[in-house]
Structure formats: C-alpha cells, structure tokens
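Protein chains in written order, with my numbering: chain A, 563 to 771; chain B, 563 to 771. Built from N, CA and C at the ideal position, the CB exists for glycine as well. Note that the structure is predicted; figures quoted are calculated from it, not measured.
There are 2 protein chains.
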Amino acid sequence: MDQLFANIKPSNQGKILKLLEANRLTLPKNVNLFTFILNENFIGLIEKGNIQIIKNDYNGNKTIIEDLYDENIFGSMITGISNKEHEIITKEETTIILIDYDRILDLEYQKYEYYNQFLKNLLKIITDKIQDKNERIEILTKKTIRNKLLEYFEILAKKRGTRILYLPFSLTELADYLAVDRCAMSRELKYLKEEGFIKVSTRRITLLY
Amino acid sequence: MDQLFANIKPSNQGKILKLLEANRLTLPKNVNLFTFILNENFIGLIEKGNIQIIKNDYNGNKTIIEDLYDENIFGSMITGISNKEHEIITKEETTIILIDYDRILDLEYQKYEYYNQFLKNLLKIITDKIQDKNERIEILTKKTIRNKLLEYFEILAKKRGTRILYLPFSLTELADYLAVDRCAMSRELKYLKEEGFIKVSTRRITLLY
DNA sequence: AATAAAGTGTTGCAATTGCAACATTTATAA
DNA sequence: TTATAAATGTTGCAATTGCAACACTTTATT
Chain A
563 MDQLFANIKP
573 SNQGKILKLL
583 EANRLTLPKN
593 VNLFTFILNE
603 NFIGLIEKGN
613 IQIIKNDYNG
623 NKTIIEDLYD
633 ENIFGSMITG
643 ISNKEHEIIT
653 KEETTIILID
663 YDRILDLEYQ
673 KYEYYNQFLK
683 NLLKIITDKI
693 QDKNERIEIL
703 TKKTIRNKLL
713 EYFEILAKKR
723 GTRILYLPFS
733 LTELADYLAV
743 DRCAMSRELK
753 YLKEEGFIKV
763 STRRITLLY
Chain B
563 MDQLFANIKP
573 SNQGKILKLL
583 EANRLTLPKN
593 VNLFTFILNE
603 NFIGLIEKGN
613 IQIIKNDYNG
623 NKTIIEDLYD
633 ENIFGSMITG
643 ISNKEHEIIT
653 KEETTIILID
663 YDRILDLEYQ
673 KYEYYNQFLK
683 NLLKIITDKI
693 QDKNERIEIL
703 TKKTIRNKLL
713 EYFEILAKKR
723 GTRILYLPFS
733 LTELADYLAV
743 DRCAMSRELK
753 YLKEEGFIKV
763 STRRITLLY
C-alpha cells in the first residue's frame, strides 16, 4: 500500500479505492488467482503475501515470470499476462487489492486532486518494474550458465548491500528464472564452489570474490 | 508525439513542454546521446528517427537493449540506462524531446487539468514498453536458437498480421537481440530454410508453417 | 511420527552452441 | 566509380548445455 498511496492521506486512500471499485481479497496458499479475476484488464496490488506469475509453454516448460511480495503490483497491462498461458499462484496466504485498469485510465476522476498523486505513484511503481525486467534481460543475455549466475548474484548483492545472499526462491525456481536446466545449473554451482568463488549452504550463498 | 499527447489540445501540448522545460534536439546519424544529456534522470521521446540503446559489458559483448523509432520513449528511469554502461546511438538523423523526469513527478503541476491526461498517456506508453520487455524475456527464455528465432518470428507475425516479415534490423543485430552467436544463428537459419520452415531473402522472412 | 511430496545432487552422453578463421556479398562514403 | 567498411555465409572443433535416470535430503501433510 505504502508506495501506491504515498503522499495521499488515509482518508483519501479509501476514496480512491471506492472510486476505482477496488476489491480486497485474501486467498489461501496455492490457488490460481485467475479463478477470481474476471476483468480483462486488471491491476493487482499485493498487500501481504507472495505470488508467482508462471508461464507454461507448449513444450511443458515452466517459467517464473515474476516472483512478487508485499506492495508489489501486477496486472494484465503491466505484466502482459493472460489466463490462457499464465498462472498466478499464491505461494502463501496472500491479500491483494484488485483494480479494474480501465477505470484508472478513465478521465472522469481528474477533478480529485489526490488522484493525480495516485497516478504518479503508479507511474513510479511501474518504472521500478521495468528496472526488474531490465535486470532479468541483463541476466538472460549472458551466454553461459556461470555468467548468468554471477550476474544474478551481483545484482542481488548490489540490492541487498551485502555479499551474503539469501535466495528469494528455491534452486529449482532459480533455474527457471535463469531459463537453464536445473541439473546443469547445479553442476555449475558445484564448479563455482570448487573454484572458490562462492560458498553455498541451503539458500544462503556467500560471494567470495 | 501522438501517443504522449493523445487527447491534449495542441495549444496545451506546448504549455506542457514549457512547464517541463523540455528541449527539442535534432541529431545527425551515429552520435551518442549521452553527449547531450546532462540530467541524471530524463525521458526522451523520439519525434522522428531511430535510436538504439546498447549495453557493452566487460567481456566486450555488445547487446542491443532497445531499438526505437518514432513516438517511442526511453529514459534512465524507464529503461534503466546510465552513461557508464550504455550508449544511446542515433541510427539515422533523429529528433528527440528531452524531459527532466524529476519535473514530471513534481507536484506543483497538478492544477493544470491537461497535465493529468499527460500522466495517463505516459502511463500507457510505459505499460506498452513493459509488454515489449516481456516479449523479449519470452524469447530469451527459450533454450535453443531455433526456438528463439521461431518465437521471435511468431511475435512479429502477430504484431504485423502477416507471415511475410520484414526484419526491423540486420541479422547481426538480431543475433544480439536474441543474445546468441551470430554464426550459430546463421547456421540455424540455414537449417530452417533447408527444412522448409522459412524462406529468406535479405531482410524479408516468409513463414511457411 | 510416518508418509508423501518437493527439492537437491550427480553424471554419462548426445545435442547445441560459441568461437575462430575465412570467403563472399552488400552497403556506404570519398 | 572506387575504395572501404559493414554485413552475411560457412564450417571444424571444442566447450557448454540439456536431458535422462537415479540417489539422497529436506519440507510438508496427515
């Protein structure tokens, strides 16, 4: 909520949600959000919890497109997801706010001064999201598994400000994120360990370089 | 201009540009925009021309991050580019409008009713850009050169509504975009031709499946 | 606590890819 | 027009990767 409603008084936050006919949902673990989303274009805002946006292609390959936590945002327009090819899965109990995107772009709200601020906040959240995409592209662009891993670690280290990294997901999911074979990645991690570049214990990775 | 100023009267368009202290520049072919951009955070809007945003990594690998034409938008916040690692190169004579991004997010403009529309237009442009990123990720996620090519062709075909495709850039640049070795890609294109999947003549590719 | 399910580690092998080196064609500029 | 640069095509070979099959460990669930 923080980001989307930054510089908007709490009393006006409720008004915006009403104007937009937003719905708040709390869902248990392991459900597909598309069961609950009926609009074509929507924005979802995670109040608390964790969801993953997953694409299954015709080869049976599964790709994690996004892995999202509190205050993150997702949606058909933003993420380019559709219920035909994608799943939005809650990884734990999650509370989301659903907004009809078409209402956001509707002109009639412009008379509310706080709505302008709302749009700016939305803009900020979305540009942050583009940064994430760029990082992912940066990683996927590397030609070897080793370089993908190192780039990923580097980005994570910069974000967290430490070289002791706690992976936000399992190694299986990491392989999906990097779009490489899990076994091949496991092998490469072993080499990196043997060559003294990293130390690994469960999901904690220490960068030694 | 069209997209960014959709539903804004021409007279107000000029006012917005003035409010934002926007600069219009016309640049010759093959110059690096960073020579002209001094702000930390900026948005560039292409009125006419073609630019590429290129990243050079420490291995000397060059990656085309974006290939942009008329009415497209780019910028530090949107594209995550910085003059340390990136080049913004004009591929032909190009006219751009440069806007200080920080001014856009500044609150004092909210009293102008057309400014709200401007923000909404910006939002739309940016969400479109996310779609592009998603497509790129979709492609990079494929594990073989063949599948990357086919995914790329498929996306292009859907966009253009035809299975006769004119590539928007050279094969060398396409290899960069797909993040694969040019020679290996050339070989794979040959196989695709031999197996009757595609026909190629210069930059025209016909999908036969 | 027992059982099931999910995640991890390992490795041989075949397929795919990057790299390098070079020939040829096409585009650009003097 | 000619020289120059850029783009494209080709191919052997070594490096990297995906795949498959399996053992083992950790995490959930009843």
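The beta-carbon separation of residue 566(A) and residue 666(A), rounded to 11 Å, does not stay under the 8 Å limit for a contact. Three or more beta-carbon pairs drawn from the region 652 to 662 of chain A and the region 606 to 617 of chain A are found closer than 8 Å, and the two stretches are therefore classed as touching. Leaving aside the five residues that flank residue 744(A) on each side, the residues in its chain whose CB is nearer than 6 Å to its CB run, in chain order, 734, 737. Listed in chain order, the positions of the region 681 to 694 of chain A with a beta carbon within less than 8 Å of a beta carbon of chain B are 681, 682, 684, 685, 686, 688, 689, 691, 692, 693. If you check the CB distance, residue 741(A) and residue 702(A) come in under 9 Å. Interface with chain B (9 Å Cβ-Cβ cutoff): residue 627(A) is included.
Residue 771(B) holds the alpha-carbon nearest to the alpha-carbon of residue 725(B) among 578(B), 579(B), 771(B). Straight through space, the alpha carbons of residue 608(A) and residue 634(A) are spaced by roughly 6 Å. Where residue 758(A) is concerned, there is no enclosing alpha helix (DSSP H), because DSSP gives it neither an H nor an E. Taking a Cβ-Cβ cut-off of 8 Å, residue 720(B) has no neighbours in chain A, whose nearest Cβ is about 13 Å from it. For the C-beta of residue 571(A), not a single chain B residue is nearer than 8 Å; the gap to the nearest is close to 14 Å.
At a C-beta separation below 8 Å, residue 610(B) has no neighbours in chain A, since its nearest C-beta there lies roughly 24 Å away.
Distance from the CA of residue 697(A) to the CA of residue 626(B), rounded to the nearest whole angstrom, comes to 14 Å. Legend: CB atoms of the region 630 to 654 of chain A lying less than 8 Å from CB atoms of chain B belong to residues 639, 640, 641, 642.
Residue 588(A) and residue 642(B) have their C-alpha atoms roughly 34 Å apart. Contiguous beta strand (DSSP E) elements confined to the region 688 to 728 of chain B occur at 726 to 728, taking only those with 3 or more residues.
Taking all protein chains in view, the Cβ of residue 592(B) is surrounded by fewer than 16 other Cβ atoms within 10 Å, so the residue is classified as exposed. It is roughly 30 Å from the alpha-carbon of residue 681(A) to the alpha-carbon of residue 739(A). Beta-bridge partners assigned by DSSP to residue 768(B): 726(B), 761(B).
Between residue 596(B) and residue 660(B), the C-beta spacing is not below 9 Å.
The beta carbons of residue 769(A) and residue 708(A) sit about 14 Å from each other, so the pair does not count as a contact at 8 Å. If only uninterrupted alpha helix (DSSP H) runs of at least 4 residues are considered, those enclosed by the region 564 to 625 of chain A are 572 to 581. Annotation: residue 689(A) to residue 758(B) spans about 42 Å, alpha carbon to alpha carbon.
Residue 659(B) sits in a strand when the DSSP states are folded into three classes.
Taking 9 Å as the CB threshold, residue 697(A) lines the interface with chain B. With a beta-carbon spacing of about 5 Å, residue 727(B) and residue 767(B) fall inside the 8 Å limit used to define contacts. As the crow flies, the alpha-carbon of residue 692(A) is around 11 Å from that of residue 636(B).
Of the candidates 662(B), 705(B), 628(B), 628(B) places its Cα closest to the Cα of residue 649(B). The beta carbon of residue 631(A) sits closer than 7 Å to those of 608, 612, all from its chain and outside the five residues before and after it, given in chain order.
In the DSSP assignment, residue 649(B) falls within the unbroken beta strand (DSSP E) covering 648 to 652.
At least 9 Å separates the beta-carbon of residue 677(B) from that of residue 604(B). Taking residue 638(A) as reference, the option from 647(A), 721(A), 602(A), 651(A) with the minimal CA-CA separation is 602(A).
Judged by beta-carbon spacing, residue 731(A) lies beyond the 9 Å limit of residue 760(A), meaning their Cβ atoms are not closer than that value. Taking CB atoms only, residue 583(B) has no neighbour in chain A less than 9 Å away. Of the other Cβ atoms in all chains shown, 16 or more fall within 10 Å of the Cβ of residue 617(B); this residue is therefore buried.
Residue contact with chain B for residue 678(A): present (Cβ-Cβ distance below 9 Å to some residue of chain B).
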